[in-house]
Every structure is written in structure tokens, then in C-alpha cells.
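Engineer: Protein chains in written order, with my numbering: chain E, 100 to 452; chain A, 630 to 671. For every residue, glycine included, the Cβ atom is placed at its ideal position computed from N, Cα and C.
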Amino acid sequence: MKVMKKEFWIPSLLHFFVDFFSVYVVVSFKSLTISPEGLALLTIGYDALAFLPQPVLGAIFEKNKNLKYLGAIGCLFVMLGALIPEAITAIILLGLGNALFHVCDGTVILEKSKKAAPLGVFISFGSLGLGLALSFANSYMFFILLGLFVLLTVFSCFLRYEKIDFLFVPEKGKEKSLLIPLIFIVLGVFLRGFFGPYNNNTWTSSATYPALLTAIAVFIGKFSGGFVLDFIGGLPLILVSGVLSFVCVFFPSLAFVSLLGVVGVNLLMALTMEFVRRAMPRHLGFGFGLLAAFLFVGYIFGFSLKSLLPFQSYLAPILIVVNTATLLYCSWALKKEARMDFFPRKEQTNEHS
Amino acid sequence: MNTLDVAPTVMLLPYVFIGAIVLAVVGVVAGIVIIIKKRKNK
Numbered sequence: 100m101k102v103m104k105k106e107f108w109i110p111s112l113l114h115f116f117v118d119f120f121s122v123y124v125v126v127s128f129k130s131l132t133i134s135p136e137g138l139a140l141l142t143i144g145y146d147a148l149a150f151l152p153q154p155v156l157g158a159i160f161e162k163n164k165n166l167k168y169l170g171a172i173g174c175l176f177v178m179l180g181a182l183i184p185e186a187i188t189a190i191i192l193l194g195l196g197n198a199l200f201h202v203c204d205g206t207v208i209l210e211k212s213k214k215a216a217p218l219g220v221f222i223s224f225g226s227l228g229l230g231l232a233l234s235f236a237n238s239y240m241f242f243i244l245l246g247l248f249v250l251l252t253v254f255s256c257f258l259r260y261e262k263i264d265f266l267f268v269p270e271k272g273k274e275k276s277l278l279i280p281l282i283f284i285v286l287g288v289f290l291r292g293f294f295g296p297y298n299n300n301t302w303t304s305s306a307t308y309p310a311l312l313t314a315i316a317v318f319i320g321k322f323s324g325g326f327v328l329d330f331i332g333g334l335p336l337i338l339v340s341g342v343l344s345f346v347c348v349f350f351p352s353l354a355f356v357s358l359l360g361v362v363g364v365n366l367l368m369a370l371t372m373e374f375v376r377r378a379m380p381r382h383l384g385f386g387f388g389l390l391a392a393f394l395f396v397g398y399i400f401g402f403s404l405k406s407l408l409p410f411q412s413y414l415a416p417i418l419i420v421v422n423t424a425t426l427l428y429c430s431w432a433l434k435k436e437a438r439m440d441f442f443p444r445k446e447q448t449n450e451h452s
Numbered sequence: 630m631n632t633l634d635v636a637p638t639v640m641l642l643p644y645v646f647i648g649a650i651v652l653a654v655v656g657v658v659a660g661i662v663i664i665i666k667k668r669k670n671k
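1) Give a yes or no on contact between the segment 279-287 of chain E and the segment 421-434 of chain E, applying the rule of three or more CB pairs nearer than 8 Å.
2) Quick check on Leu151 of chain E - is its C-beta less than 7 Å from some C-beta in chain A?
3) Given a cut-off of 7 Å on the beta-carbon distance, is the pair Val288 of chain E and Thr206 of chain E in contact?
4) Only counting runs of 3 or more residues, tell me where the beta strand (DSSP E) segments fall wholly within the segment 381-414 of chain E, in order along the chain.
5) Measuring straight from C-alpha to C-alpha, what distance separates Met379 of chain E and Lys275 of chain E?
6) Near Ala432 of chain E, what residues of its chain come up, given a Cβ to Cβ distance below 6 Å and the 5 sequence neighbours on each side ignored?
7) Alpha carbon to alpha carbon, how far is Ser212 of chain E from Leu258 of chain E? Give it in angstroms, no decimals.
8) Show which residues of chain A have a CB atom less than 9 Å away from the CB atom of His88 of chain E.
9) Please report how far the alpha carbon of Ile172 of chain E lies from the alpha carbon of Val155 of chain E, in whole angstroms.
10) Go through its chain and collect everything with a Cβ distance to Gly225 of chain E's Cβ below 6 Å, but skip five positions before and after it.
11) Identify whether Leu266 of chain E lies in helix, strand or coil by the three-state DSSP scheme.
12) Please report the straight-line C-alpha distance between Phe267 of chain E and Ile222 of chain E, rounded to a whole angstrom.
13) Please confirm if Val645 of chain A has its CB atom under 7 Å from at least one CB of chain E.
14) Does the CB of Val654 of chain A have a neighbour CB from chain E at under 7 Å?
15) Please report the Cβ distance between Leu148 of chain E and Ile183 of chain E, rounded to the nearest whole angstrom; I am assuming they are in contact, meaning their Cβ atoms lie under 8 Å.
16) Please compile the residues from chain A whose C-beta is within a distance smaller than 7 Å of the C-beta of Pro280 of chain E.
17) Check whether the Cβ of Thr448 of chain E lies closer than 7 Å to any Cβ atom in chain A.
18) Anything in chain A within Cβ reach of Pro269 of chain E, meaning under 7 Å, just list it in chain order.
19) In the structure shown, what three-state DSSP assignment does Gly295 of chain E receive?
20) So with Cβ pairs under 7 Å, would you call Val657 of chain A a contact of chain E?
21) What's the gap between the Cα of Val655 of chain A and the Cα of Ile133 of chain E?
22) Using a cut-off of 8 Å between C-beta atoms, extract the partners of Ile399 of chain E located in chain A.
23) Flag Phe385 of chain E as yes if its beta-carbon sits less than 7 Å from any beta-carbon of chain A, otherwise no.
24) Check each residue of the segment 182-199 of chain E: if its Cβ is closer than 7 Å to any Cβ of chain A, include it; give the result in chain order.
25) Since I believe Pro217 of chain E is in contact with Gly325 of chain E (beta carbons under 8 Å), could you give me their beta-carbon distance rounded to a whole number of angstroms?
26) Can you tell me whether DSSP reads Glu373 of chain E as helix, strand or coil?
27) Kindly list the residues whose CB is nearer than 8 Å to the CB of Val122 of chain E, restricted to its own chain and excluding five residues on each side of it in sequence; keep chain order.
28) Determine the direct distance from the alpha carbon of His382 of chain E to that of Ser54 of chain E, and round the result to whole angstroms.
29) What are the boundary residues of the alpha helix (DSSP H) that includes Ser344 of chain E?
30) Would Ala158 of chain E pass as an interface residue toward chain A - the criterion being a Cβ-Cβ separation below 7 Å?
31) Cα-Cα, which of E:Phe120, E:His201, E:Asp440 and E:Ile143 is closest to Phe241 of chain E?
32) Rounded to whole angstroms, what is the Cα-Cα separation between Thr448 of chain E and Arg377 of chain E?
33) Rounded to the nearest angstrom, how far is the Cβ of Gly363 of chain E from that of Gly401 of chain E, given a contact under 8 Å?
34) If distances are taken between C-alpha atoms only, which option among E:Val420, E:Thr303, E:Leu277 and E:Gly388 comes closest to Pro351 of chain E?
Quick look at the structure:
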């Protein structure tokens, strides 16, 4: 069976456009006559609106049969936000549109994907949009991409997910949400959010387009993480990612090694989504929202700590070890409950057609 | 570090962090309440 279908590629590409336009507009506020404090508040306001409502939106919409249309409405909000020249209205539209799109299309992917690869692919394209928006500003590019965004959004409304012969539903006796593993999964996501800003990467000061290079590394990690998980299984993936990110964190001046560490950390994205759908199989939208909300909290924590206190070089390696340990615990807890194996089996998913 | 040297935006960050945690927890609690209410309505 083909792992990646157009029903998974289209939301992934839409994710690229949603994140691109959201970040492009927020960055473009720099050209307006807004004070640095106002600009910072707008940026944080956008991020808060985009990430924090996701658990609530997930809980509200997860059982909805029209998720693809709701996702398209989210895209429409982002398009309007990208075109409206008033900053606060634009931020509200971009933030809420972004949140609605992520939860709705993320839930569809979690429900309809048999393998882990589409989970990683869906998440990965957002980082590419973000990197592009942070690195280039060009009105031709803006309007060409906006046209493609409109076309793809319309196309997404005609996707027929019911054609996919798979629906993620829990087996009997495995419907209950597992609270302790969930707490550890959320802690893992929090730590991954923290590593983003809390690093001492000195290579970025001499590199051309450091944001784009970092975004490409994030993209490679997230994109390949699901395929690697399907191929070698959860336990080896956690160990590979842990070793890679732990070793590379000690070379912040070497661009390639540092970026390899970024790839290592982001390999875990698909695994985290796979964990959450197995730990909370009846509430996929809420579970997806939980990950997004705490990724943002972790990011703000890392950013605050780095901005306010001198950088502590020992903190990131210690937290990478903690992150690896929490994910190893989750892997063990899910295996104990017979919800996921350490290594891939031919048919290990809780699939029901 | 002399706090007077720190830009006002940076000084706001701890409050932003606390605000983000509070809002995230509120979101989680609200989500759980919505799920429980939906289950009761079935």
C-alpha cells in the first residue's frame, strides 16, 4: 500500500502555505511604524493565538465529520489575515486560522494514516514555510504563493478521505487514555520547544540565511522521522535521536554538526504524534492540540531563559538526556499496555477498516 | 546583570511565560470539560 497519498500531501503543502503567510505577515510588521515593544507583543500575540487554543479547538472539533472544510476555513482566515493591512485584525485572523487549520488537518492525518510517515511529513512542511518567510521578502513571491494557496485550499475541499481504507480506532480494552505517559509525552514536547531558542549556536552569526538553513534541518528531521520510525521502530529512533542531538550540542560553532543536531532533535516529531494517538486514541484532536500548546510553552520558556540569564552550556545536554529518558519511559509504558512495540512488526497498528 | 540595561520587552518575558503556562493549562482544562460534557450528552 502506498504510504503517502494525495490526501496526505495536500494538507502537508497547505501547512507550508499557512505557516509561510502567517510568519511573512508578522515579519512584515517591522516595516510599519510600530515600536519594538509593540512588535514583540504582536509576535507573541500571534504565537499565543496560533498555539494555545489548539487543545480546546481539538476537543470541540475532533469528532466533526467536516474537518477538511473546517481546515479550509482556517486557510481562508490566514489568506484574509495576509491581505488585511491592519495589524491587530491580521494577527487575530492569522493566529486563529492557523490554530483551526492545524487541529483539523492534523486530526484528519492522525485518523487516516496507517503509518507514521504521513504524520512527520504533515508537520515538516510548516518549518519550510517558516524558514522561507523569515529569509525572503518579495511581493511577486507573495502573490504567486497566495494564488497557489487559494487553488490548493479549494482542491483540499474535494479530497475524499472516506476512500482511504483505514481509520485509527482503538482495539477493545485499549480505548482508555493513559495519563502518566501523556504527561511525559507533553514534557518531551515542552523540552523540544525549549531546545529551539535555548542554544548557543555561534555559526549563525557568520552564515548566510541561518534561519533558512535551520528550517531546512528542522524540515529534514521532521520529514524523515516518520519514515525512520516505520522502518526501525520507536526504541532505536529514540536512541539515534538522543545520541545525535547530545553529541552535536557540544559543537555550536560548526554549522554542519549543529544542524545535524537539529535534525536529530526533530526526528522525534512523528514519534511523539504516534505516541499521543496510541496513548489517547479516542481524542486525537485534543491530543494534537496538547502537543502544539506545550511546544509553544517550551519555546517561550527557552526564549525567556536565554534572554534574561547568562547561557548555561550544561543545561541543554542535561535536558536532552531527560527528553530521551521521558520518551523511553513512554515507549515502555505503551509496550506494557500492548499499544506499541519497540521495533516495527509487519502489522502493529491498531487498524480497523 | 543590571535590570536597567535590559530592554522593557525582555523584562516582560517572565510574565509572558507565566501567562502562556496559565493559558495552556486553562486550554487543557477547558478541553477536558468539553470532552466530558460531550460524553454525558451522548
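Structural biologist: Let's see:
1) Counting C-beta pairs with one atom in each stretch, the segment 279-287 of chain E and the segment 421-434 of chain E have three or more that are closer than 8 Å, which means they touch.
2) Taking Cβ atoms only, chain A reaches closer than 7 Å to Leu151 of chain E, which makes this a yes.
3) Cβ distance not < 7 Å, so Val288 of chain E and Thr206 of chain E don't count as in contact.
4) With a minimum length of 3 residues, no continuous beta strand (DSSP E) run stays inside the segment 381-414 of chain E.
5) One Cα belongs to Met379 of chain E, the other to Lys275 of chain E, and the distance between them is close to 7 Å.
6) Hits under 6 Å: Pro280.
7) Rounded to whole angstroms, Leu258 of chain E and Ser212 of chain E show a C-alpha spacing of 14 Å.
8) What the structure shows of chain E is the stretch from 100 to 452, and residue 88 of chain E is not part of that stretch, so it cannot be assessed.
9) The alpha-carbon atoms of Ile172 of chain E and Val155 of chain E are separated by roughly 17 Å.
10) So the list reads His114 and Asp118, once near-sequence residues are dropped.
11) Looking at Leu266 of chain E - three-state DSSP - the assignment turns out to be strand.
12) So the two alpha carbons sit approximately 18 Å from each other.
13) It does; some Cβ of chain E falls within 7 Å.
14) Val654 of chain A does not count as touching chain E.
15) No, Leu148 of chain E and Ile183 of chain E are not in contact; Cβ-Cβ is about 15 Å, not under 8 Å.
16) Those do not exist, as Pro280 of chain E stays about 16 Å from chain A at its closest Cβ, beyond 7 Å.
17) Per-residue confidence for Thr448 of chain E stands at a pLDDT of 48, beneath the threshold of 50, marking its modelled position as unreliable; the derived number appears in the next sentence. At least 7 Å separates the CB of Thr448 of chain E from every CB of chain A.
18) None at all; the shortest Cβ gap to chain A is about 15 Å.
19) Gly295 of chain E falls in the coil class under three-state DSSP.
20) Yes, Val657 of chain A lies at the interface with chain E (some Cβ there is under 7 Å from its Cβ).
21) Approximately 31 Å between the Cα atoms of the pair.
22) Within chain A, Leu642, Val645, Phe646 and Ala649 have C-beta atoms less than 8 Å from the C-beta of Ile399 of chain E, given in sequence order.
23) True, the Cβ-Cβ gap to chain A drops below 7 Å.
24) Those residues of the segment 182-199 of chain E that come within reach of chain A (Cβ to Cβ, closer than 7 Å) do not exist; the list is empty.
25) So it is a contact: roughly 7 Å between Cβ atoms.
26) Residue state, collapsed to three classes: helix.
27) Taken in chain order, the residues that qualify are Gly228, Leu229, Ala232 and Leu233.
28) Missing from the structure shown is residue 54 of chain E; chain E here goes from 100 to 452 and no further.
29) Counting along the chain, Ser344 of chain E sits inside the alpha helix (DSSP H) bounded by residues Gly333 to Cys347.
30) Taking Cβ atoms only, chain A reaches closer than 7 Å to Ala158 of chain E, which makes this a yes.
31) Here the closest residue by C-alpha is E:Phe120.
32) Interpretation of Thr448 of chain E is limited by its pLDDT of 48, a score under 50 that renders its predicted location unreliable; the figure taken from the coordinates is listed afterwards. Each residue's Cα considered, the two are about 9 Å apart.
33) Between Gly401 of chain E and Gly363 of chain E the Cβ distance is about 17 Å, and since that is not below 8 Å, they are no contact.
34) Looking at the Cα atoms, E:Thr303 is the closest of the given residues.
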